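Asks:
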Amino acid sequence: MAGLARHIDPDALIQQLHDNPHAPHKRGGVHTQNAVSHVTPYSTRYNATSEIPKFRIPHDGAPADAVHQMLKDELDLDGRPNLNLASFVGTYMEEQAEKLMIENLNKNMSDADEYPAMMNMHTRCVNIIADLWGAQKGEKPIGTATTGSSEAIHLGGLAMKRRWQERRDKEGKDKSKPNIIMGANAQVALEKFARYFEVEARILPVSAKSQYRLDPDLVRENIDENTIGIFVILGSTYTGHYEPVEEIHNILDEYEKKTGVDIPIHVDAASGGFIAPFTHAKVGGPKWNFELPRVKSINTSGHKFGLVYAGVGWIIWRDESELPKHLVFELHYLGGTEESYTLNFSRPGAQVIAQYYNLIHLGFTGFRAIMENALANARLLSKSLEATGWFRCISEIHRPKGQHEFKKGEKPFNKEGETSADYNAGLPVVAFTLSDDFKKDYPHVKQAAISNLLRAKQYIIPNYPLPPNEEQTEILRVVVRESMSLDLLDRLISDICATMESVMEISSEVDLAGWQPFSTSAEKKHGSQGHDSKHKHHAKRPMSEGVHRSVC
Ligand SMILES: *Cc1c(COP(=O)(O)O)cnc(C)c1O
1 MAGLARHIDP
11 DALIQQLHDN
21 PHAPHKRGGV
31 HTQNAVSHVT
41 PYSTRYNATS
51 EIPKFRIPHD
61 GAPADAVHQM
71 LKDELDLDGR
81 PNLNLASFVG
91 TYMEEQAEKL
101 MIENLNKNMS
111 DADEYPAMMN
121 MHTRCVNIIA
131 DLWGAQKGEK
141 PIGTATTGSS
151 EAIHLGGLAM
161 KRRWQERRDK
171 EGKDKSKPNI
181 IMGANAQVAL
191 EKFARYFEVE
201 ARILPVSAKS
211 QYRLDPDLVR
221 ENIDENTIGI
231 FVILGSTYTG
241 HYEPVEEIHN
251 ILDEYEKKTG
261 VDIPIHVDAA
271 SGGFIAPFTH
281 AKVGGPKWNF
291 ELPRVKSINT
301 SGHKFGLVYA
311 GVGWIIWRDE
321 SELPKHLVFE
331 LHYLGGTEES
341 YTLNFSRPGA
351 QVIAQYYNLI
361 HLGFTGFRAI
371 MENALANARL
381 LSKSLEATGW
391 FRCISEIHRP
401 KGQHEFKKGE
411 KPFNKEGETS
421 ADYNAGLPVV
431 AFTLSDDFKK
441 DYPHVKQAAI
451 SNLLRAKQYI
461 IPNYPLPPNE
471 EQTEILRVVV
481 RESMSLDLLD
491 RLISDICATM
501 ESVMEISSEV
511 DLAGWQPFST
521 SAEKKHGSQG
531 HDSKHKHHAK
541 RPMSEGVHRS
551 VC
């Protein structure tokens, strides 16, 4: 071991060893002759003599097929989207939907006047989604597509903040200290709203008792006249649990009776917005949508269970009166007038068209079948994991309705002709942890190692701690999307079992150390700061206080 380096800078190493005297860093980036007349992508300069430029635009370009091939080859290093079990975002669309998207890739949502047909489809999506979410007679829902739930949440939060300010103005009261309530399980977008738009975030701890969701008792203790609203999450990213919208609604009713303070709810239904309306389980009984008067706005991600590729979300307000005029811009151009109330101006239009395609192609029963299948597969995975004895699930969609405890060794519940309604409601998410028995027998096995070992088989299954307060529990999480077929699930379960068996063979912590989490590339760490290759290793981002850890 003596004399071996503990750290190697791969860029410096390659630069030293590169034997080509025409390498561009020596010649100032001139076009080498073999790039001019190439025959195949692999005969161009990018194959062996020069790296693909990473920090400066090259003086001269390169042939399209060569660049395409080089980038495609580099992208092979990415995970496979269908095996990315970490993400809620869709990775599959039907060929016809893809075709429509490709045919419309060049349309911009902000050019409303130029693309009236696309804009009509946008309006139809808003109407259909509002109807799915229990739009009420006599009210006029209003809404828009966004780039995702994040933008939609920020708009929903802004509307609540502005309405609160207007109320405070009318009452002649101080409006300098708005606050908003959310659970510690909130997705980063909710906290971003509070920080970016200067509202105090009252982030309430979650616990096993509150099923890792917003705790209604704590809501009661933390609201006041400066509370602009409550973010209630329909489908926690950590465990898939639905938060109890109606229960919180009732607490706010009581509070208004006592104090006269009227606090609204925004439902973050990023995932649940396209699941709860279709499944037999609904949200397990109580209400969650516009049937509840305090629910003023709801968002969802079209690119999650709306089954569209990344790039579309939705926000709907129950009635146009809930969208303060202050947020609405009237745009006049090319003869038309459009109302705009989004954060982004230009946005892809193809996703909206694809959303409309999904809605009318699948219909209610099509969506229902997909969501019920996803839930059935998530139940099967959950039950299989618990049956091994090595794992315990924190998610509960596989336990019979009303049962929330894990009972060791219990025979899994099954029923002839069962549907999701026989079980606890929730997202098709399986959040699981090593069982106490396993931890006792194999104390040196870290859960993170299991995630890393499965990564070697191409599955991406993240391991992370539960929110603050419960962070001593780490969970592995699988999102069961539409595209996880029974066969893939079968493979996954076998591969998890094989991985666990091999982990149990390893006798000490030292042997497993290689499988603990590793760091990402220097390029990723520094690339966004515009440092060139010479200086990138000196780049330092002040990871100062206030940078937040979050689970998405
Ligand atoms: C995904 C998610 C978000 C953010 O949505 P994007 O569409 O990714 O912007 C917000 N809240 C919840 C609960 C989510 O699951």
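For the sequence shown, counting from 1, position 280 maps to 280 in full-length UniProt numbering; every step adds exactly one. No residue lacks a Cβ here, since even glycine has one placed at the ideal position from N, Cα and C. Keep in mind that this is a model prediction, so the values were computed, not measured.
Helix, strand or coil for residue 188 per DSSP?
Replies: helix
Asks: Assign residue 468 to buried or exposed, taking buried as 16 or more other Cβ atoms, counted over all protein chains shown, within 10 Å of its Cβ.
Replies: exposed
Asks: Tell me residue 143's beta-bridge partners as DSSP assigns them.
Replies: 316
Asks: Could you tell me if the beta carbon of residue 187 falls within a distance shorter than 6 Å of some heavy atom in ligand 1?
Replies: yes
Asks: Run the CB neighbour count on residue 529, radius 10 Å, all protein chains shown included, and call it buried at 16 or more, exposed below.
Replies: With a pLDDT of only 45 at residue 529, under 50, the local geometry of the prediction cannot be trusted, and the value read off the model is given with reservation. Its Cβ having fewer than 16 others within 10 Å, residue 529 is exposed.
Asks: State yes or no: is the C-beta of residue 311 nearer than 6 Å to some heavy atom of ligand 1?
Replies: no
Asks: Roughly how many whole angstroms lie between the Cα atoms of residue 69 and residue 81?
Replies: 20 Å
Asks: Once the 5 residues before and after residue 207 are set aside, which same chain residues still bring their CB inside 8 Å of it?
Replies: 215, 469 and 470
Asks: Going by alpha carbons, who is nearest to residue 223 out of 196, 99, 255 and 246?
Replies: 255
Asks: Tell me whether the beta-carbon of residue 341 lies closer than 7 Å to the beta-carbon of residue 328.
Replies: yes
Asks: List the residues that DSSP assigns as beta-bridge partners of residue 558.
Replies: Look at the range of the chain in this structure, 1 to 552, and you will see that residue 558 is not part of it.
Asks: Should residue 381 and residue 489 be called a contact, given that it needs their Cβ atoms to be closer than 7 Å?
Replies: yes
Asks: Quick one: what's got a C-beta closer than 6 Å to residue 194's C-beta in the same chain, skipping five residues either side?
Replies: Counting only Cβ-Cβ distances below 6 Å, and skipping sequence neighbours, we find 180 and 201.
Asks: Residue 504: buried (16+ other C-beta within 10 angstroms of its C-beta) or exposed?
Replies: exposed
Asks: Short of 6 Å in beta carbon distance, which residues of its chain neighbour residue 157, apart from the five on each side in sequence? Order them along the chain.
Replies: 193
Asks: I think residue 482 touches residue 374, with their Cβ atoms under 8 Å apart; what is that distance to the nearest whole Å?
Replies: 6 Å
Asks: Answer yes if the segment 357 to 369 comes into contact with the segment 262 to 280, meaning at least three C-beta pairs across the two stretches below 8 Å, and no otherwise.
Replies: yes
Asks: Find out if the Cβ-Cβ distance for the pair residue 286, residue 246 is shorter than 7 Å.
Replies: yes
Asks: So residue 46 and residue 62 are supposed to be a Cβ contact under 8 Å. How far apart are they, rounded?
Replies: A Cβ-Cβ separation of about 6 Å places residue 46 in contact with residue 62 under the 8 Å criterion.
Asks: Considering residue 268, what are the terminal residues of the alpha helix (DSSP H) in which it resides?
Replies: That residue, residue 268, is in no alpha helix (DSSP H); its beta strand (DSSP E) goes 265 to 268.
Asks: Which same chain residues, not among the five before or five after residue 406, have their C-beta less than 6 Å away from its C-beta?
Replies: 392
Asks: On the CB-based measure, 16 or more other CB atoms within 10 Å of its CB, does residue 211 come out buried or exposed?
Replies: Sixteen is the threshold: when 16 or more other Cβ atoms of the shown chains lie within 10 Å of the Cβ of residue 211, as they do, the residue is buried.
Asks: Please work out which residues of its chain come closer than 8 Å, Cβ to Cβ, to residue 532, disregarding the five sequence neighbours upstream and downstream, and give them in chain order.
Replies: Since pLDDT at residue 532 reaches only 47, below the 50 mark, its modelled position is unreliable, and the value read off the structure follows with that caveat. So the list reads 55 and 56, once near-sequence residues are dropped.
Asks: Work out the CA separation of residue 67 and residue 537 for me, nearest whole Å.
Replies: Model confidence at residue 537 stands at a pLDDT of 46, short of 50, so the residue's coordinates are unreliable and nothing is read from them.
Asks: Taking the alpha carbon of residue 474 as the point to measure from, which residue in 125, 99 and 434 has its own alpha carbon closest?
Replies: 434
Asks: Should the segment 230 to 245 be called in touch with the segment 415 to 427, which here means at least 3 C-beta pairs below 8 Å?
Replies: yes
Asks: Can you tell me whether DSSP reads residue 535 as helix, strand or coil?
Replies: With a pLDDT of only 48 at residue 535, under the threshold of 50, the placement of this residue in the model should not be trusted; the figure read from the coordinates follows. It is coil, neither helix nor strand.
Asks: DSSP three-state label for residue 550, please.
Replies: If DSSP states are grouped into helix, strand and coil, residue 550 belongs with coil.
Asks: From the DSSP output, read off the bridge partner residues of residue 5.
Replies: In DSSP, residue 5 forms no bridge with anything.
Asks: Out of 204, 213 and 235, point me to the one whose CA is closest to residue 221's CA.
Replies: The shortest CA-to-CA distance from residue 221 to any of 204, 213 and 235 is the one to 204.
Asks: Evaluate the contact criterion for the segment 140 to 160 versus the segment 293 to 306: three or more CB pairs, one atom per stretch, below 8 Å.
Replies: yes
Asks: Any chance the segment 348 to 363 sits against the segment 119 to 138, with 3 or more Cβ pairs inside 8 Å?
Replies: With a cut-off of 8 Å on Cβ pairs, the segment 348 to 363 is in contact with the segment 119 to 138, counting three or more such pairs.
Asks: My output table needs one value for residue 434: the three-state DSSP class, helix, strand or coil.
Replies: strand
Asks: Please classify residue 403 as buried or exposed, where buried requires at least 16 other C-beta atoms within 10 Å of its C-beta.
Replies: When all chains shown are included, residue 403 counts as exposed.
Asks: Please report the distance separating the alpha-carbon of residue 466 from that of residue 259.
Replies: 35 Å
Asks: Hey, residue 499 and residue 454: beta-carbon distance below 7 Å or not?
Replies: yes
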